[in-house]
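Structure first, commentary second.
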Amino acid sequence: MAGRPVSKAVPELPEVETTRRGIAPALTGRRVERLIVRDRRLRWPIEPGLEAEIRGHTVRHVERRAKYLLLRFDSGTAIVHLGMSGSLRVLGSPTPASAHDHWDLRLDNGVALRYHDPRRFGSLLWTRSDPDLHPLLARLAPEPLSRAFDADYLFRATRRRKAAIKTLLMNSRIVVGVGNIYASEALFRAAISPFRAAGRLSRAQSAALVEAIKTVLGEAIRIGGTTLRDYVNAAGAPGYFRQELCVYERGGEACPVCGAAVAKRVQGQRSTYWCRVCQR
DNA sequence: CCCGATTCCTGTAGGC
DNA sequence: TGCCTACAGGAATCGG
Numbered sequence: 008m009a010g011r012p013v014s015k016a017v018p019e020l021p022e023v024e025t026t027r028r029g030i031a032p033a034l035t036g037r038r039v040e041r042l043i044v045r046d047r048r049l050r051w052p053i054e055p056g057l058e059a060e061i062r063g064h065t066v067r068h069v070e071r072r073a074k075y076l077l078l079r080f081d082s083g084t085a086i087v088h089l090g091m092s093g094s095l096r097v098l099g100s101p102t103p104a105s106a107h108d109h110w111d112l113r114l115d116n117g118v119a120l121r122y123h124d125p126r127r128f129g130s131l132l133w134t135r136s137d138p139d140l141h142p143l144l145a146r147l148a149p150e151p152l153s154r155a156f157d158a159d160y161l162f163r164a165t166r167r168r169k170a171a172i173k174t175l176l177m178n179s180r181i182v183v184g185v186g187n188i189y190a191s192e193a194l195f196r197a198a199i200s201p202f203r204a205a206g207r208l209s210r211a212q213s214a215a216l217v218e219a220i221k222t223v224l225g226e227a228i229r230i231g232g233t234t235l236r237d238y239v240n241a242a243g244a245p246g247y248f249r250q251e252l253c254v255y256e257r258g259g260e261a262c263p264v265c266g267a268a269v270a271k272r273v274q275g276q277r278s279t280y281w282c283r284v285c286q287r
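Heads up: the first sequence begins at 8 in the numbering used here, then just goes up one per residue.
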């Protein structure tokens, strides 16, 4: 009965960062002519007053915190999350909207920022105060590419934790931006079993894992993120990280290090891919 | 506090 | 051809 696993375009940190870099030049310094909302039913409904709130205001910066994009205006901040199937495109001039194109931000130079999200797990929120104090952002862990995320931090953060290390890597109180793809890949590169109790990582393993996370995320950003099915960046181009994946979605294929078959198992309602021989 | 299960949603693909 | 169903997963929330 079970259909074959379906590849999905899941925006993790590299995809969100790629999107940020793609949209920032088109948005920064531009004034909003209007916000067009076609479907308010995202993960949290888009506030009915947002169109009026945002109209006429100018984008000062486009930033990223974890997997949230922050469009910082002179008057407040739009907090955008791509959920599991969201993407943002910059359109030089607006084309007719297609299915799942839930909102457009129309700018004063004719450009449109268009949000597309078939599964509507994403969000568009607004805050007038410091976005870092917003309930969704206030308790987030350090950025994985920051100096604060180092071997010592991860070692301390995992002490006495019994949960599997892969589960904790996907916990935004430990580190942000790491989802199922990059958790699997980083653990493979650090030669650590995804099922190892986090509290039992050695200092050396913590260091190796931090390095692996930084490397895998940095490399993915460098080549534009991972396109599994239909993720595209702001210009509509795919990312090329998929070919760099060692284990994710490669169940049964040969481990690139030892040649053993890559294993797959459901762990915490998510598919985990790993090498039984290399990862301990 | 910690941790695992549940929930939201829809496109896709396999089986019949 | 078309119906049915499992599966994909970020992250909030709930229950133990």
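Even for Gly, the Cβ is constructed at its ideal location relative to N, Cα and C.
Extent of the continuous alpha helix (DSSP H) run through residue i
i, result
"residue 98", "Not the alpha helix (DSSP H): residue 98 falls in the beta strand (DSSP E), residues 94 to 98."
"residue 66", "Taken as a continuous stretch (DSSP letters only), residue 66 belongs to no alpha helix (DSSP H), being part of the beta strand (DSSP E) at 66 to 72."
"residue 57", "57 to 61"
"residue 222", "210 to 229"
"residue 32", "20 to 34"
"residue 173", "172 to 176"
For residue j and residue i, believed in contact at Cβ under 8 angstroms, the rounded distance
i, j, result
"residue 170", "residue 197", "Contact flag wrong, Cβ pair sits at about 17 angstroms."
"residue 217", "residue 19", "With 8 angstroms as the limit, residue 217 and residue 19 do not qualify as a contact, their Cβ atoms being about 17 angstroms apart."
"residue 254", "residue 195", "5 angstroms"
"residue 152", "residue 165", "In fact, because the Cβ distance is near 19 angstroms, the residues do not count as touching under 8 angstroms."
"residue 205", "residue 168", "4 angstroms"
DSSP bridge partner residues for residue i (one or two, in chain order)
i, result
"residue 7", "Because the chain spans 8 through 287 in this model, residue 7 falls outside it and cannot be assessed."
"residue 114", "39"
"residue 134", "84"
"residue 159", "Partner(s): none; residue 159 has no beta bridge."
"residue 108", "123"
CA-to-CA distance, residue j to residue i, given in whole angstroms
i, j, result
"residue 269", "residue 257", "6 angstroms"
"residue 264", "residue 22", "26 angstroms"
"residue 2", "residue 51", "Since the first residue shown for the chain is 8 and the last is 287, residue 2 is missing from the structure and cannot be characterised."
"residue 5", "residue 212", "Because residue 5 is not part of the residues shown, which for the chain are 8 to 287, the question remains open."
"residue 60", "residue 122", "18 angstroms"
"residue 183", "residue 39", "30 angstroms"
"residue 143", "residue 266", "42 angstroms"
"residue 287", "residue 126", "36 angstroms"
"residue 150", "residue 74", "10 angstroms"
"residue 139", "residue 162", "25 angstroms"
"residue 110", "residue 178", "29 angstroms"
"residue 231", "residue 191", "19 angstroms"
"residue 262", "residue 282", "6 angstroms"
"residue 189", "residue 278", "12 angstroms"
"residue 48", "residue 42", "15 angstroms"
"residue 317", "residue 90", "Residue 317 lies beyond the stretch modelled for the chain, which goes from 8 to 287, so this question has no answer here."
"residue 180", "residue 147", "5 angstroms"
"residue 12", "residue 202", "Low confidence applies to residue 12: its pLDDT is 27, below 50, so where it sits in the model is not reliable, and the reading given next is rough at best. The alpha-carbon atoms of residue 12 and residue 202 are separated by roughly 22 angstroms."
"residue 137", "residue 159", "29 angstroms"
"residue 65", "residue 145", "25 angstroms"
"residue 106", "residue 45", "10 angstroms"
"residue 280", "residue 56", "44 angstroms"
"residue 251", "residue 271", "18 angstroms"
"residue 104", "residue 193", "38 angstroms"
"residue 224", "residue 72", "15 angstroms"
Residue i, enclosing beta strand (DSSP E) - first and last residue
i, result
"residue 80", "75 to 80"
"residue 119", "119 to 123"
The ligand ADP heavy atom lying under 8 angstroms from the CB of residue i
i, result
"residue 174", "The ligand ADP is not part of the structure shown, which contains no ligands of any sort."
Close-in-space but distant-in-sequence residues of the same chain around residue i (CB under 6 angstroms, 5 per side omitted)
i, result
"residue 132", "86"
"residue 228", "21, 24"
"residue 101", "119"
"residue 58", "42"
"residue 200", "286, 287"
"residue 172", "203, 205"
7 angstroms CB neighbourhood of residue i in its chain, flanking five on each side removed
i, result
"residue 63", "38, 39"
"residue 134", "83, 84, 86, 141"
"residue 115", "37, 38, 40"
"residue 155", "149"
Contacts around residue i, its chain only, beta-carbon distance under 8 angstroms, and the 5 residues preceding and following it disregarded
i, result
"residue 69", "27, 30, 31, 34, 35, 76, 77, 78, 79"
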